[in-house]
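Chemist: Please read through the structure below; I'll follow up with questions.
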């Protein structure tokens, strides 16, 4: 669900790039929270991450 929300908010290509970067850094590219979420915070800031967190409650 989190990846779907992230792709809706940030774009599917951007999220796929974040997953690729997470894998390159040794993180789990299939887990949003505390993994790909870290890459998203670096690349797009808290706006996109906050959206995913607030809708995914």
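Residue numbers (my numbering): 11 to 67.
From the three backbone atoms N, C-alpha and C, an ideal C-beta is built for every residue, glycine too.
Everything numeric in this text was worked out from a predicted model, so none of it was measured.
#1: Whose C-beta lies closer than 7 Å to the C-beta of residue 49 among residues of the same chain, with five residues either side of it excluded?
#2: With a threshold of 16 other CB atoms inside 10 Å of the CB of residue 52, please say whether the residue is buried or exposed.
#3: Contact defined as beta carbons within less than 8 Å: I believe residue 19 pairs with residue 58. What is the distance between those atoms, to the nearest angstrom?
#4: With a threshold of 8 Å on Cβ separation, who are the neighbours of residue 15 within its own chain once the five nearest residues in sequence on each side are excluded?
Modeler: Taking the geometry as given:
#1: 28, 31, 32
#2: exposed
#3: 5 Å
#4: 61, 62, 65, 66
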